[in-house]
Amino acid sequence: MEEKKFDKQSMIGFLLIGAILLFMLWQNQPTEEELAAEKAKQEQVEAAKASPLAAEPSEKAETAVPQDDSLALERYKSTLGSFAYSATLPSATDDVTEIENEVLALKVSNKGGFITEARLKNFKSYDSVPVYLIKDGNTRFNLNFSTSDNRTLNSENMYFEPTLSKEGENQVLSMKLKVSDSEYLEYRYTLKPDDYMMGFGIKTTGLQNVMNTSQPVNLDWELKGYRHAKSISYENRYTRLTYEYEDGDHDKLSQNGDDDAIETDVNWFNFRQHFFSSILLTDQPFEKVTFTSNNLVEDEEVDTLFTKQYGAKMALKPVNGELNYAMDFYYGPTDYQILNNYDRDIDEAMPLGWGIFGVINKYVIIPFFNFLITYFPAGIAIILLTISMKLLLSPVQYKQYLSQAKMKVLRPEINEINEKYADNPMKKQQETMKVYSKAGASPLSGCLPGLLQIPVFYALFTFFPSAFALRHKSFLWADDLSSYDKIADLPFHIPFYGDHVSLFPILASIAIFIYMTMTTGQNMQQTQQPGMPNMKFLMYLSPVMMLFFFNNYASGLSLYYFISNLITIGIMLVIKNFILDEDRIHAKIATAKAKPKKQNRFSKKFSEMMEQAEKQQKNK
Numbered sequence: 001m002e003e004k005k006f007d008k009q010s011m012i013g014f015l016l017i018g019a020i021l022l023f024m025l026w027q028n029q030p031t032e033e034e035l036a037a038e039k040a041k042q043e044q045v046e047a048a049k050a051s052p053l054a055a056e057p058s059e060k061a062e063t064a065v066p067q068d069d070s071l072a073l074e075r076y077k078s079t080l081g082s083f084a085y086s087a088t089l090p091s092a093t094d095d096v097t098e099i100e101n102e103v104l105a106l107k108v109s110n111k112g113g114f115i116t117e118a119r120l121k122n123f124k125s126y127d128s129v130p131v132y133l134i135k136d137g138n139t140r141f142n143l144n145f146s147t148s149d150n151r152t153l154n155s156e157n158m159y160f161e162p163t164l165s166k167e168g169e170n171q172v173l174s175m176k177l178k179v180s181d182s183e184y185l186e187y188r189y190t191l192k193p194d195d196y197m198m199g200f201g202i203k204t205t206g207l208q209n210v211m212n213t214s215q216p217v218n219l220d221w222e223l224k225g226y227r228h229a230k231s232i233s234y235e236n237r238y239t240r241l242t243y244e245y246e247d248g249d250h251d252k253l254s255q256n257g258d259d260d261a262i263e264t265d266v267n268w269f270n271f272r273q274h275f276f277s278s279i280l281l282t283d284q285p286f287e288k289v290t291f292t293s294n295n296l297v298e299d300e301e302v303d304t305l306f307t308k309q310y311g312a313k314m315a316l317k318p319v320n321g322e323l324n325y326a327m328d329f330y331y332g333p334t335d336y337q338i339l340n341n342y343d344r345d346i347d348e349a350m351p352l353g354w355g356i357f358g359v360i361n362k363y364v365i366i367p368f369f370n371f372l373i374t375y376f377p378a379g380i381a382i383i384l385l386t387i388s389m390k391l392l393l394s395p396v397q398y399k400q401y402l403s404q405a406k407m408k409v410l411r412p413e414i415n416e417i418n419e420k421y422a423d424n425p426m427k428k429q430q431e432t433m434k435v436y437s438k439a440g441a442s443p444l445s446g447c448l449p450g451l452l453q454i455p456v457f458y459a460l461f462t463f464f465p466s467a468f469a470l471r472h473k474s475f476l477w478a479d480d481l482s483s484y485d486k487i488a489d490l491p492f493h494i495p496f497y498g499d500h501v502s503l504f505p506i507l508a509s510i511a512i513f514i515y516m517t518m519t520t521g522q523n524m525q526q527t528q529q530p531g532m533p534n535m536k537f538l539m540y541l542s543p544v545m546m547l548f549f550f551n552n553y554a555s556g557l558s559l560y561y562f563i564s565n566l567i568t569i570g571i572m573l574v575i576k577n578f579i580l581d582e583d584r585i586h587a588k589i590a591t592a593k594a595k596p597k598k599q600n601r602f603s604k605k606f607s608e609m610m611e612q613a614e615k616q617q618k619n620k
C-alpha cells in the first residue's frame, strides 16, 4: 500500500486561490451609497408588504427614494426620463394636502397625487369609530402609460406638486406631475361646500411629444371595503360592485364569491359597502372597463377587517395626443334621497328590487317612510308604515278571507263528490266545477288576492335592509334597527344562526306560527290529498326558517314582520267575528244555486269538452 505524503505544492496552490478569492470579494464589496440605496429599497418593499392593499409593484415601476440619497436619486431620476423634473421639486416627498367641507374630510398625497384618506365626518361605525372609506393603504389609484422614449411609467410611484386654491366657495386642489412648468399631467379636485360629490379631472398639457399615445393608457383603481357593521356576513351580503354602461343599462358583480366582467361605454361604477359608497362618474364614458370583485370574508366567525376587494381597470383614450377626462368622485352614504338628488341614476346602485318592486319602493314606500321618520322615532315610523300598508291591502285580504269562507261552506259538498266519483277523476272534476260555478266561488279567487300582496311584500323586504335612515336608530331593546337586536350571547356558533339570540325574529316567528295555525288548521283536519303539500309540515317549517334566516338581519325588518302578522291576525279575527257570517254566506250560496245559471261561451264550451272527454273514456 502506497504511503500518503504531504504535497507542499498543492498546499501553496490552495492558499493562492483562497487569497485571490478574498481579494476579489474585497474589490467588489458595495459602496456606502449602494448600501444606502439597497436599504431604502428594502424599507420600501417591507412597507408595501405591510400595506392593507398589498399590491405587487410592476416590474417596470419606479422606486421612490429619500431625497438625501444623491446616488439613489440619480438612479431614480434616470428611470423617469422626461418626468425626472418632478423628482427635483420640493414637493417630491410623501407629504399630504388636506381638504374638507362640512361632511367630508380628505387627504391627498404628493406621491401618486391621489386620495389616501377619506373620512365621513357625520357617521360612526358599529364600534363608534369614525367611518373611513379610504385609510391606511386600502386603496390604489394608478395611471399607467408609455412614453416616447419607450418607458412604462406608473403615476402611483411618482411625485405630484400640489396647489390649493379657492374658486368662489369651492376648494380646488391641483396635483401636477411635471415634465416642466408648462408640460404636466394634472389631477384636479374640486370640493363643494356640504357635498359628498367632488369634481375630479385628469388632464395632460403639452405632453403630445412625451406620451406615446399609440400604446394603451390605463387607469387602475382598487379598493378594499372596510367593515362598518356588527354582522359582517349581513353587511357583506349588501356589499357589491354595481355600474351603469352602454345606453343606461345597470348590472352588478356577484355578492357571494369572486367575480369579474368586461363592459363598454361605462358611465359610472360604485364600490358599494352596504350603507356607504365610493363612486366614480365620468362625463365621457370609458370605452372599456375590466371589473373585479373578490370576497374577503372566508369565515363569518373570524373578526374580519375587510369585506370585499374591488378593482376597475379603465382604458383612457387620448385626443390629439392629450388626455382630458371630466369626472366626479362620490364618497358618502348609500342613501336613496341623496343619490337621487344628483339626477345621474346613481340611485340604481341601491338594491331596491327590479321592475314593479323598485317602482313601489321609489315612489310609495320611501317617500312615505321619509315623511313618517321626520315626525316620529324610527321604531314608531316602522309600526305606522306597517299599519298603513296593512290597511291599504285590507280590501284584498277581505276578498281572500271571503273566498276561504265560501270554500269552507262548500267543503262538505265537495267531499261528497270526491267520495262519489273517487274512481272517475274526470267526472269528479266536472261536478266540482259545477258546484263552484253555481255557488259563485272559485279556488283561484282566494289565490289572486294573495298574489296582489306579493309586490308590496317583496318591496318591503328589499326596502328595510337598504334604509339608511334606520342606521344607528334605536327602539326598545334594539340599539340599531339596521342590524340585529341581540338580547343574549351564545357560548358557541350555530351554523346559519350565529352566536347570539335576537328577540324580534323570535316574536315574528311566533306571530307567523299563530297566523298559519289559523289559516291552515282547517286543511290539516282533513285527510291529506295525494300530491298536496303537507300543511302541518309547512306550518312548523316557516317559523323556523324565519327564526334562522332573520337572526342576523336588520331588526327593523323583523319588527315589520312581527307587527304585520299581528295586524293580519287581528284583521282576520275582526272579519271572521264581526264582518262575515258563515250562515249568511251559506244562505247566499243556496240562493245562487237555486237560480238558473246562464253559462257564457267559454263555460259552455268547456262543459261540452268535458262531457265529450267523459264519453270517450266510457267507450274505451
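Going by UniProt numbering, the residue at position 51 of the sequence shown is 51; the numbering climbs one at a time, nothing skipped. For each residue, glycine too, the CB sits at the ideal point set by N, CA and C.
Take the alpha-carbon of Gln337 and the one of Met197: they are about 14 Å apart.
In summary, Ala467 is buried, with 16 or more beta-carbon neighbours lying within 10 Å of its beta-carbon over all protein chains present.
By the criterion of a C-beta distance shorter than 7 Å, Pro455 is surrounded in its chain by Ile356, Phe357, Ile360, once the five residues flanking it on both sides are discounted.
Taking the CA atoms as reference points, Asn324 sits about 12 Å from Leu207. In this structure, Ser86 places its C-beta atom within 7 Å of the C-beta atom of Lys178. In this chain, the alpha helix (DSSP H) harbouring Asn370 covers 366 to 375.
Contact annotation: Ser558 and Pro491 have beta-carbon atoms that are not nearer than 7 Å. Along the length of the region 320 to 392, whole beta strand (DSSP E) runs at least 3 residues long occupy 324 to 333, reported in chain order. Beta bridge pairing from DSSP links Tyr85 with no other residue.
When Cβ pairs closer than 8 Å are counted between the two stretches, the region 236 to 243 is seen to touch the region 270 to 278, the count reaching three or more. Phe329 and Gly81 have their C-alpha atoms some 31 Å from each other. By DSSP's assignment, Asn256 forms no beta bridge with any residue. Distance from the Cα of Asn157 is smallest, within the candidate group Phe369, Thr79, Ala261, for Thr79. A buried status is given to Gln430, since no fewer than 16 other beta-carbon atoms sit within 10 Å of its beta-carbon. Along the length of the region 224 to 279, whole alpha helix (DSSP H) runs at least 4 residues long occupy 232 to 237, reported in chain order. Considering only Ala469, Phe562, His472, the residue with the shortest C-alpha distance to Phe513 is Phe562. In the DSSP assignment, Asn154 falls within the beta strand (DSSP E) that extends over 152 to 154. Nearest in C-alpha terms to Leu143, of all of Ile134, Lys135, Ser155, is Ser155.
Taken atom to atom, the span from the alpha-carbon of Ala315 to that of Tyr515 is near 57 Å. Taking a contact as a CB-CB distance under 8 Å, the pair Thr462 and Pro351 counts as one, their CB atoms being some 6 Å apart. C-alpha of Thr213 to C-alpha of Pro333: approximately 38 Å in a straight line. A direct Cα-to-Cα measurement between Gln309 and Ser293 gives close to 6 Å.
Taking 8 Å as the upper bound for CB-CB distance, Asp136 and Lys111 are not in contact here, some 15 Å apart. By DSSP's assignment, Phe291 forms a beta bridge with Ala261, Ala312. Leaving aside the five residues that flank Gly257 on each side, the residues in its chain whose CB is nearer than 8 Å to its CB run, in chain order, Asn295. Per DSSP, the unbroken alpha helix (DSSP H) holding Phe562 starts and ends at 555 to 574. In the displayed model, Glu100 falls within a strand according to three-state DSSP. Straight-line spacing of the CA atoms in Phe475 and Ser109 works out to 43 Å.
DSSP places Arg411 in the helix class (H, G or I) of the three-state scheme. A distance of 7 Å or more separates the beta carbons of Ser555 and Leu460. Counted as a single uninterrupted DSSP element, the beta strand (DSSP E) harbouring Glu167 occupies residues 161 to 167. Ranked by how close their Cα comes to the Cα of Pro495, the residues Trp477, Tyr484, Asn551, Leu541 have Asn551 in first place. Between the alpha carbons of Phe200 and Thr147 lies a distance of about 24 Å. Listed in chain order, the non-local C-beta contacts of Lys390 below 6 Å within the same chain comprise Ile567, local neighbours out to five positions each way being set aside.
Beta-bridge annotation (DSSP): Gly498 is paired with Ile494. Boundaries of the beta strand (DSSP E) harbouring Glu183: 183 to 191, taken from the DSSP string.
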